[in-house]
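*Asks:* All residue numbers for the sequence shown refer to this note's numbering, where the first residue is 31 and numbers rise by one.
We put the beta carbon where it would ideally sit given N, CA and C, even for glycine.
Here it is, the structure, as structure tokens.
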Amino acid sequence: MPHPWPRGCYVSCSPDRCVVTVSPRGARVKVAIVGGGPAGLYFSILMKLRDPSHDITVHERGPAGSTYGWGVTYWADLLDTLHRHDPVSARAIGENSVRWSDGKAYVRDRTTVHHGDQGHGIGRHTLLALLTERAESLGVRVRFRDPVTDAPERLRADLVVAGDGVNSALRARHTGHFGTDITAGRNTYVWLGTTKVFDAFTFAFVETAHGWIWCYGYRYAQDRSTCVVECSPDTWRGLGLHEASHADCLALLQRLFAEPLDGHPLIGRPRADGRARWQTFRTVTNRTWYRDNLVLIGDAAHTTHYSIGAGTTLALEDAIALTGALHTAPYTRAALARYERERRTALLAPQSAARYSARWYEDLPRYINLAPPRMFALLGQRHSPLLPYVPPQLYYRIDRAAERLETLRRLKRWLGPRVARTVGRGVERGFRKDGAHRTLSL
Numbered sequence: 031m032p033h034p035w036p037r038g039c040y041v042s043c044s045p046d047r048c049v050v051t052v053s054p055r056g057a058r059v060k061v062a063i064v065g066g067g068p069a070g071l072y073f074s075i076l077m078k079l080r081d082p083s084h085d086i087t088v089h090e091r092g093p094a095g096s097t098y099g100w101g102v103t104y105w106a107d108l109l110d111t112l113h114r115h116d117p118v119s120a121r122a123i124g125e126n127s128v129r130w131s132d133g134k135a136y137v138r139d140r141t142t143v144h145h146g147d148q149g150h151g152i153g154r155h156t157l158l159a160l161l162t163e164r165a166e167s168l169g170v171r172v173r174f175r176d177p178v179t180d181a182p183e184r185l186r187a188d189l190v191v192a193g194d195g196v197n198s199a200l201r202a203r204h205t206g207h208f209g210t211d212i213t214a215g216r217n218t219y220v221w222l223g224t225t226k227v228f229d230a231f232t233f234a235f236v237e238t239a240h241g242w243i244w245c246y247g248y249r250y251a252q253d254r255s256t257c258v259v260e261c262s263p264d265t266w267r268g269l270g271l272h273e274a275s276h277a278d279c280l281a282l283l284q285r286l287f288a289e290p291l292d293g294h295p296l297i298g299r300p301r302a303d304g305r306a307r308w309q310t311f312r313t314v315t316n317r318t319w320y321r322d323n324l325v326l327i328g329d330a331a332h333t334t335h336y337s338i339g340a341g342t343t344l345a346l347e348d349a350i351a352l353t354g355a356l357h358t359a360p361y362t363r364a365a366l367a368r369y370e371r372e373r374r375t376a377l378l379a380p381q382s383a384a385r386y387s388a389r390w391y392e393d394l395p396r397y398i399n400l401a402p403p404r405m406f407a408l409l410g411q412r413h414s415p416l417l418p419y420v421p422p423q424l425y426y427r428i429d430r431a432a433e434r435l436e437t438l439r440r441l442k443r444w445l446g447p448r449v450a451r452t453v454g455r456g457v458e459r460g461f462r463k464d465g466a467h468r469t470l471s472l
């Protein structure tokens with residue numbers, strides 16, 4: 031039998047309308063959230079705002095203030111979305127974020143600037159601290175050093191939310207049911223910080239004797255930036271990064287990216303064995319997102335390549351969708367099914383963009399010898415499903431012409447996904463048969 035939520039009514043009002051929804055208001059519903067990341071914390075906030083009587087606990091395995099990563103990115107429309115659901119936390123996030131405009135690319139001895147790109151950055155540590163403070167102020171219990179890796183049944187909760195990330199222990203216990211697929215990307219990358227304050231979202235491509243290596247840099251605080259370094263496996267090994275110590279790795283990368291870093295150091299945390307934290311990106315998908323009263327959220331449910339900067343936004347949107355579904359459906363199973371359907375649909379565009387963005391970097395030699403302004407233009411078009419199948423020079427000309435001709439713009443939008451589907455037809459779930467690109471294509 032599906033698990034029933036106690037029925038009741040709840041009225042939510044915005045400046046222009048009021049909505050009456052089914053809600054467990056007045057009944058004590060116990061929710062256990064495993065993982066204290068953005069998705070889990072924001073979900074706890076929204077549930078408490080819907081009904082303060084909910085009994086909600088967040089179980090975080092790490093100590094307070096401990097988190098991986100440096101800064102995360104988002105765009106202005108996210109703040110608008112958050113403000114509609116919780117103005118208090120939205121205001122705190124906005125006030126503690128920095129904003130950049132423009133994009134900049136260093137290629138060989140040429141610097142190209144593109145005006146008009148605007149984004150926001152915030153330290154991951156700061157974001158989690160703000161969400162934790164807000165959750166606790168509403169009565170959510172946030173327990174640190176409290177890992178939950180075994181049977182969620184012991185939590186005795188009406189709903190268990192698995193927000194424990196890409197390596198979700200709760201998901202791993204039922205991999206067969208969830209239909210979890212984890213696909214490793216081809217390139218290697220390392221997530222670092224720097225005291226260099228980038229004035230634009232910065233890309234730097236450096237040619238070495240062993241191939242190209244590049245970085246993405248963006249500001250997330252008044253005195254700090256994130257710097258993600260990526261390269262092919264051949265370049266990684268050729269430069270000796272696979273066996274270099276953490277200190278030697280940082281020293282080499284600082285020399286290679288001396289121009290964009292402008293004399294500032296790179297900052298990172300070594301692994302237990304003293305080496306740098308190089309890794310390959312893992313794309314996570316699941317056939318279904320829930321089992322009984324256990325539901326996946328954030329990176330436990332899905333991941334998108336870091337090069338599109340959407341991970342945090344998608345996690346927060348998961349929390350919004352799950353909260354809404356639980357307060358409009360009378361049964362847990364119906365609510366979770368609705369949540370999954372809604373989010374799968376919303377994820378189609380960013381997942382496609384992420385796959386093609388990752389592929390663009392894996393195919394960098396195809397684009398790097400273009401004139402820098404043209405290469406930068408195609409860098410901005412890397413999400414296109416048409417780009418991998420059209421000669422880069424021709425695509426550039428089509429793209430420029432499409433800016434002037436509406437008919438050509440419509441043809442380009444119509445043709446891209448269809449070309450990609452035709453090329454990928456007959457390949458299981460969109461993977462190429464030759465294995466040359468381990469990324470999905472629509």
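Which residue's Cα is closest to the Cα of Ile338: Phe406, Ala349 and Ser387?
*Replies:* For Ile338, the nearest C-alpha among the options comes from Ser387.
*Asks:* According to DSSP, is His144 helix, strand or coil?
*Replies:* The answer is strand: DSSP assigns His144 an E or B state.
*Asks:* Could you give the distance in angstroms between the alpha-carbon of Pro54 and the alpha-carbon of Met77?
*Replies:* In this prediction, Pro54 scores a pLDDT of 43, lower than 50, which makes its location untrustworthy; the coordinate-derived value is nonetheless stated afterwards. Pro54 and Met77: Cα-Cα distance of roughly 10 Å.
*Asks:* By the three-class DSSP mapping on this structure, what secondary structure does Tyr425 have?
*Replies:* DSSP places Tyr425 in helix when its eight states are reduced to three.
*Asks:* Please classify Leu289 as buried or exposed, where buried requires at least 16 neighbouring CB atoms within 10 angstroms.
*Replies:* The sequence shown places Glu at residue 289, rather than the Leu named in the question. Flag for Glu289 reads exposed.
*Asks:* Can you tell me the Cα-Cα spacing of Ile212 and Thr179, whole angstroms?
*Replies:* Rounded to whole angstroms, Ile212 to Thr179 spans 19 Å at the Cα level.
*Asks:* In angstroms with no decimal places, state the Cα-to-Cα distance between Phe174 and Ala192.
*Replies:* Each residue's alpha carbon lies about 16 Å from the other.
*Asks:* Flag this pair as yes or no: are the beta carbons of His240 and Leu269 separated by less than 8 Å?
*Replies:* A contact, by the Cβ cut-off of 8 Å.
*Asks:* Going straight from the alpha carbon of Pro418 to that of Trp390, what length do you get?
*Replies:* About 8 Å.
*Asks:* Thinking C-beta only, is Trp221 closer than 8 Å to Trp130?
*Replies:* Result no, Cβ atoms of Trp130 and Trp221 do not sit closer than 8 Å.
*Asks:* Under a three-way DSSP split, which group does Asp278 fall into?
*Replies:* Note: Asp278 maps to helix in three-state DSSP.
*Asks:* From the DSSP output, read off the bridge partner residues of Gln309.
*Replies:* Beta-bridge pairing links Gln309 to Tyr219.
*Asks:* Buried or exposed: where does Ala330 fall if 16 or more other Cβ atoms within 10 Å of its Cβ makes it buried?
*Replies:* Counting Cβ neighbours within 10 Å, Ala330 comes out buried, since at least 16 surround it.
*Asks:* Given 8 Å as the limit, is there contact between the region 160-177 and the region 132-147, that is, 3 or more CB pairs closer than that?
*Replies:* The region 160-177, when compared against the region 132-147, does not touch it at the 8 Å Cβ threshold.
*Asks:* Using DSSP with H/G/I as helix, E/B as strand and the rest coil, what is Leu168?
*Replies:* In the structure shown, Leu168 sits in coil (DSSP, three-state: anything other than H, G, I, E or B).
*Asks:* Taking its Cβ as the centre, do 16 or more other Cβ atoms sit within 10 Å of Asn399, making it buried, or is it exposed?
*Replies:* With fewer than 16 other Cβ atoms within 10 Å, it is exposed.
*Asks:* Once you ignore the five residues that flank Ser275 on each side, which residues in its own chain have a CB closer than 7 Å to its CB?
*Replies:* Same-chain partners within the cutoff: Gly304 and Arg305.
*Asks:* Within the region 325-360, note down every full beta strand (DSSP E) run reaching 3 residues or more, in order along the chain.
*Replies:* For the region 325-360, not a single whole beta strand (DSSP E) run of length 3 or above is found.
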